[in-house]
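Here's the structure we're looking at; comments come further down.
In the working numbering, the protein residues as written are 33 to 1187.
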């Protein structure tokens, strides 16, 4: 165990820090548990559930002073804190998940690695800090009582939370959301010790899932604008919910709810939104109703019946024109209730408000939004600037405020993103002149501003920026989005304009959006809103964690997330921040969904820097009969074609960069408007002529692939020579003569040796002409799988006077071969399937081809840079490996690897495979292999008696079949053993009916294992499966101990009442007690018990000891009892004979019975 002394500024819960209490400065320490990074990893998924791994590589202990004295803070990077107010604060990991409809969500720990630690060894002598409520930014910490549950701290044994607890959160835009909370630490107050699950494997089960209904709901509700929100669910890319790329949910729908007085003003705004690609529905309150109930009914009916369903709602008017709701978590203004349709916290639609009582107040909001979206500002260079402020608070700003701002500037608002941040951290924010400097920068123009500290209805408190300052703002044509993580600055129900309303209503100044609260905000939740739910409060800014995303992450999404379906808006930004709070341990989740509102248009895609040019190409015209229009643009761009206020088609550009946009027919010649937008892209507008055919007009129609010179599968594969057939079509009414087609491309993976073809004369009126093998091209062997190749077709005709251009795309296919698994054939060694120190053995690798192209004659060369390992034969042959998940192994041409005799057990070897295949394919793949891995040397499934002691007694210890006995009050005993087979045997207390242990057991009764010789093993790990039912240790007692050769060592004592209803695995590192121990034993205990409640007691199965076995190769020393079996049976008779096979050494024993 490594002890690291360091300076640490990390908090994971609100502490009531008060000058005069606990002012001693202590050195924080890190408890190094392993080299693993703290956090959750998704291991696998299927339609039955998910498997997660939770790693705890290190924890921090830090003494903190409070008004109640000094406590110890136990924290872990990437972990939240537990939520039980007044009880010991322990690190927990919370995660949001996508889950199917109908399922019962359960979670079980299927394996774990536990280490027990004395906190005193790290200088921590004080009790762990109790969880405190998050501190309101409006509160005086000195007036807030310190929460401390004395009865909890006086309990004996370990304080523990449920290891893996699940909860159904609700439905978010067609996706059912669940939460798992994982508690990897237990705390013994009396002994000042913790038990840490250094690693846990958890299986989350979707019991009784209705996948048909799940996919239907997702498909019907899907909106690409919600991709940033979906991304915050750990398994958001799970195809079980339906392939997103197959979903057609365009155009996106914007609903405007407005007072009638704004009708004329809204017309240019509506016209632009149609051009941008929105289906716009307008409901005026004099028609749909003037109450919250009638407006909600109108909106919910649209959501239930429209296809596509509304994505955005914009309310136009102050609360006197369009009423607002009063929250249920507290009395504050909220528009959330208008947009939540599934009875939970999370709304289904993004929403915002243009708050205005008069047309004069409305007009600036429309004008500024149109200028911003259409990118018509005279000088957009201001978009390179942001303002980030951690305001003044002597207790919290240095950690919470600075931590949030530093996270934003460390990861996103920086020069690497083309952004110049103007940053004021605390205490620099408390200096003279800062308020004036912040306002001056806002007047110079900013794309984005974020302030976190104190506030009021009229503005940011310190540094001050208020409604009166907004009135004098001079940032004409330089508008941005501002965020106030502060109390009350978004209170649009205030008696006069709040700060957010003033910014939006300011003509020739102010902003185009404001995110703020209509109530008091809290330090924990505001921090999580920005940086991610449950992240530790780190003054320097926490590290990025893909499983804990916040508002900033959802806006920038530049950590390798797929951007194909992103369409990021200011409505999504506030939503992602609130979803981060939903993921956390906060008790104010609904409160935050209600109090935070957007003043502004939720469909605006904000510029977070000076936007770049979108690389766009398209035809200058189309036929009025066209059903598609092809556009090449940056991936994720939103393309819209409209004419005279009618939208004819809209969609996102997919991976590959080309969109064949479906169109509704124009019917008549016209000038169509083409608008292409994208996050941080300059919007593109063009006029496309919709023409009636006149004269000849010849364009590409279709193609055919002849790859007979390659694998002849009719597809374009890597390294192939392709003959391309092409069909042209004359969509004009007249014939063309001398038609010559020229094929070209700018793609570096393609070479075209034959680029021209003579098509002669082509009649008009949709006449087609196909020429097989018209062109030839060669594909580079290194072309990526799925790569899109754009070909341009230029057609000359009618004496060369006419030129027509068109293009088409094809997809290339290639293998993607990589390492899958490794096995060792050490039959000449100790035959344990592991390469041990001193062994030389064949190594068999299995490769998997996830590409769409088949790999022929696959070979691989194995290499390493490790002085403990030598590769004697580095070449392997794998044969042909099919695409789409095909596998191949080098079983007939193995690698030969030698491990040096000095190599330590458990040594991690990093090896590299250089993979090659026919056609010039090459790739490389790294893999890990453990030298001297642990092997199982003791197994107990109670099939045969091995010499257990203590059976019977008052505790009713028994070895027998699992029959599911129950007293009816508590969960029944298991009806099957852990690995159901015909024998069905387990160890437990009272395996019959009712299955519960007895009242008033006066002492502990133990059941002891046989003696286990561990003399040839090191690094021993114990795991066993159990279902334990036992009342709290205040009344009844259950134990598990091991014998170290001298003393019995306690590894488990029940604390809170346990009623396990499923088999649960416990894993212990017992190397301290078992390594080299010839007398090692296990024992489970029950008792004493009180005279009232009785539960199921212990049920135990599948005990296993694994370790590094150091014995040399040789034969197992085994005995049979009886040595012979004789039975005389008539036809149809049967008999049962028990056979005990014992292996007294650590070499593996493999037995095969043949009749």
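Even for Gly, the Cβ is constructed at its ideal location relative to N, Cα and C.
Next on the checklist: So residue 762 and residue 788 are supposed to be a Cβ contact under 8 Å. How far apart are they, rounded?
Outcome noted: As a first step, residue 762 must be located in the chain shown, where it is residue number 730. As a first step, residue 788 must be located in the chain shown, where it is residue number 756. That belief does not hold up - the Cβ atoms of residue 762 and residue 788 are roughly 19 Å apart, past 8 Å.
Checklist entry - DSSP three-state call for residue 794: helix, strand or coil? => result Sequence index remark: in the chain shown, residue 794 carries index 762 (1-based). Residue state, collapsed to three classes: strand.
Checklist entry - Applying the criterion that 16 or more other CB atoms from any shown protein chain within 10 Å of the CB defines a buried residue, is residue 640 buried or exposed? => result Counted from its first residue, the chain shown places residue 640 at position 608. By the neighbour-count rule (16 or more Cβ atoms within 10 Å), residue 640 is buried.
Next on the checklist: I'd like the ranges of any beta strand (DSSP E) spanning at least 3 consecutive residues and lying wholly in the stretch 698-782.
Outcome noted: You should have 702-709, 716-723, 730-738, 753-762, 768-776.
Next on the checklist: Applying the 10 Å Cβ sphere with the 16-neighbour rule, what's the burial state of residue 590?
Outcome noted: Walking along the chain shown from the start, residue 590 turns up at place 558. Result: exposed.
Item to check | Cut-off 8 Å between Cβ atoms - residues of its own chain near residue 371, not counting five sequence neighbours on either side | outcome: The count along the chain shown starts at 1 and reaches residue 371 at position 339. If the five residues before and after residue 371 are omitted, its C-beta is found closer than 8 Å to the C-beta atoms of 331, 345, 379, 380, 381, 382, 383, all from its own chain and listed in chain order.
Item to check | Chain-order list of residues whose beta-carbon lies under 6 Å from that of residue 715 (same chain, five-residue window excluded) | outcome: Position 683 of the chain shown, counting from 1, holds the residue named residue 715. 407, 709.
Next on the checklist: Let's test the definition: count the other Cβ atoms within 10 Å of the Cβ of residue 827 and tell me whether it reaches 16, buried, or not, exposed.
Outcome noted: Residue mapping note: residue 827 aligns to position 795 of the chain shown, counting from 1. Buried, because 16 or more other Cβ atoms sit within 10 Å of the Cβ of residue 827.
Item to check | residue 131 (DSSP reduced to helix, strand or coil) | outcome: In the chain shown, the residue the question calls residue 131 occupies position 99. Looking at residue 131 - three-state DSSP - the assignment turns out to be strand.
Item to check | Helix, strand or coil at residue 621 [DSSP, three-state] | outcome: Stepping through the chain shown from its first residue, residue 621 is reached at position 589. Residue 621 falls in the helix class under three-state DSSP.
Checklist entry - Would you say residue 1110 and residue 1050 are within 8 Å of each other, going by their C-beta atoms? => result Translated into positions along the chain shown, residue 1110 becomes position 1078. Translated into positions along the chain shown, residue 1050 becomes position 1018. No, these two residues do not count as a Cβ contact at 8 Å.
Next on the checklist: Considering only the alpha carbon of each residue, which of 295, 297, 1094, 313 lies closest to residue 288?
Outcome noted: Counted from its first residue, the chain shown places residue 288 at position 256. Selected option, being the one with the closest Cα: 313.
Item to check | Helix, strand or coil at residue 1176 according to DSSP, with G and I counted as helix | outcome: Numbered from its first residue, the chain shown carries residue 1176 at position 1144. Residue confidence is low: residue 1176 scores 48 on pLDDT, short of 50, so the model does not pin down where it sits. Its coordinate-derived value is still stated next. For residue 1176, the secondary structure class from DSSP, reduced to helix, strand or coil, is coil.
Item to check | Same chain, Cβ closer than 6 Å to residue 1217, neighbours up to 5 away in sequence not counted | outcome: Residue 1217 lies beyond the range of the chain shown here (33 to 1187); nothing can be said about it.
Checklist entry - Sorted by chain position, which residues of the same chain lie with C-beta nearer than 6 Å to residue 315's C-beta, five sequence neighbours on each side aside? => result Mapped onto the chain shown, residue 315 falls at position 283. The answer, listed in chain order, is 289, 330.
Next on the checklist: Using a Cβ-Cβ cutoff of less than 6 Å, which residues in the same chain neighbour residue 73 once the five nearest sequence positions on both sides are dropped?
Outcome noted: In the chain shown, residue 73 corresponds to position 41, counting from 1. Result list for residue 73: 85, in chain order.
Checklist entry - residue 454 and residue 418: beta carbons closer than 8 Å? => result Mapped onto the chain shown, residue 454 falls at position 422. Mapped onto the chain shown, residue 418 falls at position 386. Between residue 454 and residue 418, the CB-CB gap stays under 8 Å.
Next on the checklist: Quick check on the burial criterion: 16 or more other C-beta atoms within 10 angstroms. Buried or exposed for residue 579?
Outcome noted: On the chain shown, residue 579 is found 547 positions in, with the first residue counted as 1. The residue is buried, with at least 16 neighbouring Cβ atoms inside 10 Å.
Next on the checklist: Please state whether the Cβ-Cβ distance between residue 887 and residue 781 is less than 8 Å.
Outcome noted: By one-based count along the chain shown, residue 887 stands at place 855. By one-based count along the chain shown, residue 781 stands at place 749. Between residue 887 and residue 781, the gap from beta carbon to beta carbon reaches 8 Å or more.
Next on the checklist: For a test of the three-state rule: what should DSSP assign to residue 472, helix, strand or coil?
Outcome noted: Along the chain shown, read from residue 1 onward, the residue named residue 472 stands at position 440. Helix at residue 472.
Checklist entry - So the beta strand (DSSP E) residue 912 belongs to, where does it begin and stop? => result Taking the first residue of the chain shown as position 1, residue 912 is located at position 880. First-last of the beta strand (DSSP E) with residue 912: 907-913.
Checklist entry - By how many angstroms is the C-alpha of residue 544 removed from the C-alpha of residue 550? => result Translated into positions along the chain shown, residue 550 becomes position 518. Translated into positions along the chain shown, residue 544 becomes position 512. The alpha-carbon separation between residue 550 and residue 544 amounts to approximately 19 Å.
Next on the checklist: Quick check: what's the CA-CA separation for residue 282 versus residue 348?
Outcome noted: Walking along the chain shown from the start, residue 282 turns up at place 250. Walking along the chain shown from the start, residue 348 turns up at place 316. One C-alpha to the other measures close to 24 Å.
Checklist entry - Are the stretch 1017-1036 and the stretch 1085-1093 touching by the rule of at least three beta carbon pairs closer than 8 Å? => result They do not touch, by the three-pair rule.
Checklist entry - Are at least three pairs of beta-carbons, each pair with one atom in the stretch 429-441 and one in the stretch 536-543, less than 8 Å apart? => result Contact fails: fewer than three Cβ-Cβ distances are below 8 Å.
Checklist entry - When the Cα of residue 442 is compared with those of 461, 548, 573, which residue comes out closest? => result Residue numbering aside, residue 442 sits at position 410 when the chain shown is read from its first letter. Closest by alpha carbon: 573.
Checklist entry - Three-state secondary structure (DSSP) at residue 560? => result Here residue 560 refers to the residue found at position 528 of the chain shown. Residue 560: helix per DSSP, three-state reduction.
Checklist entry - Does the beta-carbon of residue 936 have 16 or more other beta-carbons within 10 angstroms, so that it is buried, or is it exposed? => result As a position in the chain shown, residue 936 is number 904, starting the count at 1. Exposure of residue 936 is indicated by the presence of fewer than 16 other C-beta atoms within 10 angstroms of its C-beta.
Next on the checklist: When you compare the CB positions of residue 1117 and residue 1061, do they come within less than 8 Å of one another, or not?
Outcome noted: Counted from its first residue, the chain shown places residue 1117 at position 1085. Counted from its first residue, the chain shown places residue 1061 at position 1029. Not in contact: residue 1117 and residue 1061 (Cβ atoms no closer than 8 Å).
Checklist entry - In terms of residue numbering, what span does the beta strand (DSSP E) encompassing residue 348 cover? => result Counted from its first residue, the chain shown places residue 348 at position 316. First-last of the beta strand (DSSP E) with residue 348: 342-348.
Item to check | Neighbourhood of residue 824 by C-beta, 6 Å cutoff - its chain only, sequence neighbours within 5 removed | outcome: As a first step, residue 824 must be located in the chain shown, where it is residue number 792. Cβ contact annotation for residue 824 (same chain, cutoff 6 Å, sequence separation greater than five): 776, 839, in chain order.
Item to check | Complete runs of the beta strand (DSSP E) confined to the stretch 373-434 [at least 3 residues] | outcome: Counting whole runs of 3 or more residues, the stretch 373-434 contains the beta strand (DSSP E) stretches 382-386, 417-422.
Next on the checklist: So the candidates are 666, 607, 635; which of them puts its Cα closest to the Cα of residue 624?
Outcome noted: Stepping through the chain shown from its first residue, residue 624 is reached at position 592. For residue 624, the nearest C-alpha among the options comes from 607.
Checklist entry - residue 343 and residue 257: beta carbons closer than 8 Å? => result Here residue 343 is taken as the residue at index 311 of the chain shown, counted from 1. Here residue 257 is taken as the residue at index 225 of the chain shown, counted from 1. Their beta carbons are under 8 Å apart, which means residue 343 touches residue 257 by this criterion.
Item to check | Rounded separation between residue 158 and residue 136 - CA only | outcome: Within the chain shown, numbered from 1, the residue matching residue 158 stands at position 126. Within the chain shown, numbered from 1, the residue matching residue 136 stands at position 104. One Cα belongs to residue 158, the other to residue 136, and the distance between them is close to 41 Å.
Next on the checklist: Give the list of continuous beta strand (DSSP E) stretches no shorter than 3 residues that lie fully inside the stretch 934-977.
Outcome noted: If only complete runs of 3 or more residues are kept, the stretch 934-977 shows the beta strand (DSSP E) at 939-949, 953-963, 967-972, in order along the chain.
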